[in-house]
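Q: So for the sequence shown, the numbering used here puts the first residue at 137; every next one is plus one. Think of the CB as a built atom: it goes at the ideal place given N, C-alpha and C, for glycine as much as any other residue. If you're wondering where the values come from, they're calculated on a predicted model, not measured in any experiment.
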Amino acid sequence: MEKKVRLLQQKNVKWLFLIGVIFYTVWVSLFTSTVHIEVDEELYVTLAKSFHYLGRFEKNGQILDYSCVLYSMLLSLAYYFYTPESILFLLRFVGVLCMCSSVFPIYFLAKAILMDEGMAVKITAWFLLMPYMADCAYMMQEVLCYPLFCWLLFFLYRLFEQMEDQGGYRWCILAAVFSVSLFFTKTYTFFIPITLNLSLFVMWMKVKGEKRKRITGTALIYDALYIALFAGFYFMIFAINGFEKGVNHYSSQIRNLFPITSATVFWGMIGCLVYLCYLIFNTGIFTMGSLAAVYKKERKPFYLWVIGSLLFMIVEIVFMIVLTEEGVGVFPHKILFRYFQIWMPVLLIVFIKKMQEHEDACYRFIFWTGIAGLAGSLVYYLFRGTSARQAIMDGHLYLILENISKLILPRADVLITGVIALGLLVIYFKKIRISKDKIWMGMAVVTIGFWLLTLIQLPVYTNIYVKGTEIERDGIEIAEYAQNNKIDEIFYIYDTIENRNGYLRSYYGYVKQDCRTISVTDYEQQKENFVSGNVMFLLPEYVTEEIDAEPCSELNLSHFTAYLPKH
Numbered sequence: 137m138e139k140k141v142r143l144l145q146q147k148n149v150k151w152l153f154l155i156g157v158i159f160y161t162v163w164v165s166l167f168t169s170t171v172h173i174e175v176d177e178e179l180y181v182t183l184a185k186s187f188h189y190l191g192r193f194e195k196n197g198q199i200l201d202y203s204c205v206l207y208s209m210l211l212s213l214a215y216y217f218y219t220p221e222s223i224l225f226l227l228r229f230v231g232v233l234c235m236c237s238s239v240f241p242i243y244f245l246a247k248a249i250l251m252d253e254g255m256a257v258k259i260t261a262w263f264l265l266m267p268y269m270a271d272c273a274y275m276m277q278e279v280l281c282y283p284l285f286c287w288l289l290f291f292l293y294r295l296f297e298q299m300e301d302q303g304g305y306r307w308c309i310l311a312a313v314f315s316v317s318l319f320f321t322k323t324y325t326f327f328i329p330i331t332l333n334l335s336l337f338v339m340w341m342k343v344k345g346e347k348r349k350r351i352t353g354t355a356l357i358y359d360a361l362y363i364a365l366f367a368g369f370y371f372m373i374f375a376i377n378g379f380e381k382g383v384n385h386y387s388s389q390i391r392n393l394f395p396i397t398s399a400t401v402f403w404g405m406i407g408c409l410v411y412l413c414y415l416i417f418n419t420g421i422f423t424m425g426s427l428a429a430v431y432k433k434e435r436k437p438f439y440l441w442v443i444g445s446l447l448f449m450i451v452e453i454v455f456m457i458v459l460t461e462e463g464v465g466v467f468p469h470k471i472l473f474r475y476f477q478i479w480m481p482v483l484l485i486v487f488i489k490k491m492q493e494h495e496d497a498c499y500r501f502i503f504w505t506g507i508a509g510l511a512g513s514l515v516y517y518l519f520r521g522t523s524a525r526q527a528i529m530d531g532h533l534y535l536i537l538e539n540i541s542k543l544i545l546p547r548a549d550v551l552i553t554g555v556i557a558l559g560l561l562v563i564y565f566k567k568i569r570i571s572k573d574k575i576w577m578g579m580a581v582v583t584i585g586f587w588l589l590t591l592i593q594l595p596v597y598t599n600i601y602v603k604g605t606e607i608e609r610d611g612i613e614i615a616e617y618a619q620n621n622k623i624d625e626i627f628y629i630y631d632t633i634e635n636r637n638g639y640l641r642s643y644y645g646y647v648k649q650d651c652r653t654i655s656v657t658d659y660e661q662q663k664e665n666f667v668s669g670n671v672m673f674l675l676p677e678y679v680t681e682e683i684d685a686e687p688c689s690e691l692n693l694s695h696f697t698a699y700l701p702k703h
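(1) Pair every Cβ in the region 435-450 with every Cβ in the region 549-563, then say whether three or more of these pairs are closer than 8 Å.
(2) Hey, is the region 281-298 in contact with the region 174-188, meaning 3+ C-beta pairs nearer than 8 Å?
(3) Starting from residue 295 and walking both ways along the alpha helix (DSSP H), at which residues does that stretch end?
(4) Determine the contact status of residue 277 and residue 207, defining contact as a CB-CB distance below 8 Å.
(5) Tell me whether residue 192 sits in a helix, a strand or coil according to DSSP, three-state version.
(6) Please report the straight-line C-alpha distance between residue 265 and residue 481, rounded to a whole angstrom.
(7) Identify, in the order they occur along the chain, each residue of the same chain with its Cβ nearer than 6 Å to the Cβ of residue 137, setting aside the five sequence neighbours on each side.
(8) Would you kindly work out how many angstroms separate the C-alpha atoms of residue 614 and residue 690, rounded to a whole number?
(9) Assign residue 322 to buried or exposed, taking buried as 16 or more other Cβ atoms, counted over all protein chains shown, within 10 Å of its Cβ.
(10) Beta-carbon within less than 6 Å of residue 590's beta-carbon, same chain only, minus the 5 sequence neighbours each way: which residues are those?
(11) Apart from the five residues on each side of it in sequence, which residues of its chain come closer than 7 Å, Cβ to Cβ, to residue 572?
(12) Residue 423 and residue 484: beta carbons closer than 8 Å?
(13) Can you list, in chain order, the residues of its chain with a C-beta nearer than 7 Å to that of residue 218? Leave out the 5 residues immediately preceding and following it.
(14) Let me make sure I understand the geometry here. Which of 253, 196, 164 and 282 has the alpha-carbon closest to that of residue 146?
(15) Can you tell me which of 372, 405, 305 and 404 puts its alpha carbon nearest to the alpha carbon of residue 356?
(16) Between which two residues does the beta strand (DSSP E) harbouring residue 626 extend?
(17) Please state the DSSP three-state secondary structure of residue 699.
(18) Identify which residue in 152, 231 and 170 has its Cα closest to the Cα of residue 599.
(19) Is residue 198 helix, strand or coil when you go by DSSP?
(20) Would residue 692 be called buried (16 or more neighbouring beta carbons within 10 Å of its own) or exposed?
(21) Can you tell me where the beta strand (DSSP E) holding residue 651 begins and where it ends?
(22) Give me the residue from 273, 444, 578 and 373 with the minimum Cα distance to residue 333.
(23) From this set, 578, 242 and 215, which residue's C-alpha is nearest residue 229's C-alpha?
(24) Just the Cα atoms here: how many angstroms apart are residue 603 and residue 289?
(25) Is the beta carbon of residue 275 less than 8 Å from the beta carbon of residue 211?
(26) Would you mind stating whether residue 652 and residue 196 have Cβ atoms separated by less than 8 Å?
(27) With distances taken Cα to Cα, identify the nearest neighbour of residue 205 among 688, 519, 341 and 176.
(28) With a threshold of 8 Å between beta carbons, is residue 321 in contact with chain C?
(29) Alpha carbon to alpha carbon, what distance is there between residue 158 and residue 187?
(30) By Cβ distance below 6 Å, which residues in the same chain neighbour residue 365 in space, the five residues on each side in sequence not counted?
(31) For residue 326, I'd like the list of residues in its chain whose CB is within less than 7 Å of its CB, leaving aside the five on either flank, ordered along the chain.
(32) Going by beta carbon distance, what residues of the same chain come within less than 7 Å of residue 578, once the five residues before and after it are set aside?
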């Protein structure tokens, strides 16, 4: 009987996967052009195209030296079915499959932590309604990183639970394989082997004898396999690029961190506090405190690893990304939640465990942790003012608050955050007890509300605000002409640096050719270098200058003027 119930629950998860794939496939079909220029979507799509058609990783005629290429290699499969009209849908469909596949590791993780198969299925269904599931509409590495990390969470939970058993080694091997895969999907996941080894060392210090030997063996197997696989992956990428050393804009960006001064450390600490408060707010106010409370109650090494990894990640993101991009002396103008959303499954599952098994444990600590997070977010909004600029994928909660503040009610972010904090203080000091049913209902309403807002907001932003529908018409026409006339390269020509990264460059998503970007000045000075071969030039509508080339009369574009070389 128990086996039949288990099989039924697993069948339900498969149905959830199928339903999720169908729903999100229909939803992403509503999108038109891409929205990210130069980096992010353009970079990953370009890597996918060059890998598929050229067998190497290249952009603007230069070899690219990036280690995070697994996602682009996966995307490249879509180009086997390339047509100008369908390619962006196919690329997004890859994202749908990736994001929806997360239901399987989430189910296994929830079942392992809660030991309740029925509840695990319900939680799995809930995660299909998370606002960040909408990321499948964008060609971003997060859509592959998320399911891979969910599997890693499950493997590491099993590894820590079965550390003393012989069978624990298989979880160690799987964890090493997925750890390396994650690094070559999203480089910032280099924290995994660091925090895992630190956690194993803490365990090693607390035991002696056979248990210590078992932990030592686990660490050695994991590290040896990680190093071997890392070297293999790195050699593979180097070989794909013909053993040429390419360019990487991130390597030059990290140099912005130096020299490290007292101001760097001070603003880094401020940034870490901002991110910690934001995470408390954006992950559900009480989840971070609940994680600490459950660890205090159960003392499981897995929870210690999660806490340590979260803290390590905050420092990593602030010092390696925020400070290098925005500099010292300013509050972050955006919060990069997309780097942290991989932790949502374990945070919410542990929060549910806290509600079910340790309802009154550390109640005061959890409550005031949540209030502190809200207070920190409130201070951030007050100091940041109207200059906050949240990117489309970097935090759906803060993006919605920002849009309300800019389009509907000024400083609504401050008002809403303050009202939430005030409401919680009233509940605390009035000693109002809220039933579990009402908590469940509140969680469902908030999740579905943000999910629906996200489902509406994102296609409207893409299709209307950044003129995706209009760009799509031009992009398809350009791509069809380039395909029929065997164009090898397409040059996007800009006049000023402000016009270099305009949204019209999103035509790149429809074409299979290398889309290069040059200035009018560079074209005039080095024209002979650009007119060799079968090439085409595109001048966006905001470029008023003309170039010495032949207008392409066969193309009737709304936002571009197309040129061909004079022969």
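A: Straight from the coordinates:
(1) no
(2) no
(3) 278-297
(4) yes
(5) coil
(6) 12 Å
(7) Note on residue 137: pLDDT 48, under 50, position unreliable in the model; no value is reported.
(8) 10 Å
(9) buried
(10) 267, 270 and 532
(11) 491
(12) yes
(13) 648
(14) 253
(15) 305
(16) 625-630
(17) strand
(18) 170
(19) strand
(20) exposed
(21) 650-655
(22) 444
(23) 215
(24) 40 Å
(25) yes
(26) yes
(27) 176
(28) Here there is only one protein chain, and chain C is not present.
(29) 29 Å
(30) 316
(31) 319
(32) none
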